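For reference, the structure discussed in these notes is given below.
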Amino acid sequence: MAVILGIESSCDETSASVCINGKVINNEIASQDIHTQYGGVVPELASREHQRNIVPVVDHVINNAGIEVNELNAIAYTRGPGLLGALLIGSSFAKSMAASLNIPLIPIHHMKAHVLAHFIDDPRPDFPFICLTVSGGHTQILKVKNATDMVILGQTQDDAVGEAFDKAAKLLGLPYPGGPMIDKLALEGDSDKFLFAKSEMPALDYSFSGIKTSILYFLRKELKQDNDFIEKNKHDLAASIQKTLISMLMTKLVNAARQEGIRQIAIAGGVSANSGLRNTLKDEAEKNGWEIFIPDFQYCTDNAGMIAMSGHLLFEQRMFGKLTDSPLPRMPF
Ligand code: KG4
Ligand code: ZN
Numbered sequence: 004m005a006v007i008l009g010i011e012s013s014c015d016e017t018s019a020s021v022c023i024n025g026k027v028i029n030n031e032i033a034s035q036d037i038h039t040q041y042g043g044v045v046p047e048l049a050s051r052e053h054q055r056n057i058v059p060v061v062d063h064v065i066n067n068a069g070i071e072v073n074e075l076n077a078i079a080y081t082r083g084p085g086l087l088g089a090l091l092i093g094s095s096f097a098k099s100m101a102a103s104l105n106i107p108l109i110p111i112h113h114m115k116a117h118v119l120a121h122f123i124d125d126p127r128p129d130f131p132f133i134c135l136t137v138s139g140g141h142t143q144i145l146k147v148k149n150a151t152d153m154v155i156l157g158q159t160q161d162d163a164v165g166e167a168f169d170k171a172a173k174l175l176g177l178p179y180p181g182g183p184m185i186d187k188l189a190l191e192g193d194s195d196k197f198l199f200a201k202s203e204m205p206a207l208d209y210s211f212s213g214i215k216t217s218i219l220y221f222l223r224k225e226l227k228q229d230n231d232f233i234e235k236n237k238h239d240l241a242a243s244i245q246k247t248l249i250s251m252l253m254t255k256l257v258n259a260a261r262q263e264g265i266r267q268i269a270i271a272g273g274v275s276a277n278s279g280l281r282n283t284l285k286d287e288a289e290k291n292g293w294e295i296f297i298p299d300f301q302y303c304t305d306n307a308g309m310i311a312m313s314g315h316l317l318f319e320q321r322m323f324g325k326l327t328d329s330p331l332p333r334m335p336f
């Protein structure tokens with residue numbers, strides 16, 4: 004019997020969740036719209052919003068789960084990686100609550116939690132499986148040996164793929180975060196209309212910084228001939244950019260699966276909400292005989308459900324932290 008409270012505050016979502024005996028009961032997320040007007044997350048504003056939201060969000064999930072605070076067995080929180088100020092709010096709150104209730108704290112690695120989101124709902128993968136973790140800060144191909152042991156087979160050497168989506172969207176004049184907007188526009192676009200150069204990296208690594216430059220130069224050239232080029236072609240541009248990024252992701256994922264001889268393939272992280280990526284993964288699964296695992300939308304982007312679930316898995320192994328643990332903005336894997 005374990006009742007775990009999960010708290011996530013690594014970037015711009017304040018989220019809390021209760022997990023009872025391995026079942027995630029709820030997952031409340033307070034998103035911060037304030038950053039849209041600045042074209043990206045402003046760390047100081049994110050901290051202030053977390054401070055404002057954390058008490059009501061935690062209060063609400065506990066009431067909604069139909070439990071009393073003193074029924075909690077542990078508190079899991081995101082220790083890193085993320086924005087220092089944002090992590091400080093969640094971790095200080097978790098520590099003070101755990102100290103006052105005299106229950107253990109479970110520090111969680113945000114990127115590992117994205118992977119463990121696959122254990123929230125059926126079907127759950129068996130170990131070992133391959134997970135392509137794609138977010139605004141990371142792009143990694145992992146061999147997931149168990150809930151704590153994950154080996155990085157390949158990763159980006161510069162921008163994350165979510166960053167590439169967001170930067171490309173900015174060039175198209177779309178508001179932040181642009182990834183979901185590209186996804187939406189791409190639904191009605193011709194993905195073969197425009198070709199963008201893909202950066203080649205050795206082995207299973209990625210590079211996504213070059214594509215932004217290639218889109219920028221292409222747009223500059225076209226805008227010289229026609230001022231309305233972007234507006235007239237926004238669907239085709241979004242579809243073509245999305246196809247390029249997905250095909251870069253897939254090439255290495257296919258190679259990783261072959262190299263490891265593993266056919267259970269999962270995707271995780273904010274970009275796994277992308278409909279093009281989800282569909283392409285299904286096509287690849289048919290071609291390669293994969294069994295694939297795609298999280299429910301609410302567990303793709305940042306959420307505390309994945310933190311509470313990670314807490315549940317680590318609670319079983321008694322992987323508790325200390326009150327003196329400080330947040331780790333660059334928490335090692
Ligand atoms: O995992 P996440 O919520 O936060 C981080 O830990 O970074 O990922 C956020 C990233 C952003 O870059 C956002 O644009 C991207 O995920 N994203 C998407 C979609 N939904 C979120 N990118 C493409 N298509 C989407 N539907
Ligand atoms: Zn994330």
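Just so you know, we're using my numbering here: the sequence shown kicks off at 4 and counts up by one. Glycine included, each C-beta is placed from N, C-alpha and C at the ideal position. Everything numeric in this text was worked out from a predicted model, so none of it was measured.
No heavy atom of ligand 1 is found nearer than 7 Å to the CB of CYS134. Counted as a single uninterrupted DSSP element, the stretch harbouring GLY85 is not any alpha helix (DSSP H), since DSSP gives it neither H nor E. Within the same chain, and ignoring the five residues on either side of LYS115 in sequence, the residues whose Cβ sits closer than 7 Å to its Cβ are MET153, SER313. Beta-bridge partners assigned by DSSP to VAL27: CYS22. With 6 Å as the limit, the residues whose C-beta approaches any heavy atom of ligand 2 more closely are HIS113, HIS117, SER138, GLY272, GLY273, ASP305, in sequence along the chain. If you look at PRO110, you'll find it in the beta strand (DSSP E) that goes 108-112. Residue environment: MET4 is assigned as exposed (fewer than 16 neighbouring CB atoms within 10 Å of its CB, all protein chains considered).
Spanning the alpha carbons of THR283 and ILE23 requires a straight line of approximately 34 Å. With respect to LEU252, ALA167 sits apart: the two C-beta atoms are not nearer than 8 Å. In terms of CA proximity to ASP124, ASP299 leads the group ASP299, ALA311, CYS134.
In the DSSP assignment, GLU294 falls outside any alpha helix (DSSP H) and lies within the beta strand (DSSP E) extending over 294-296. The nearest non-hydrogen atom of ligand 1 is less than 7 Å from the C-beta of ALA276.
Distance between PRO335 and VAL45, taken at the CA atoms: about 23 Å. Taking a cut-off of 8 Å for Cβ pairs, the segment 267-277 and the segment 302-313 touch, as three or more such pairs fall below it. Collapsing the DSSP output to three states places VAL45 in coil.
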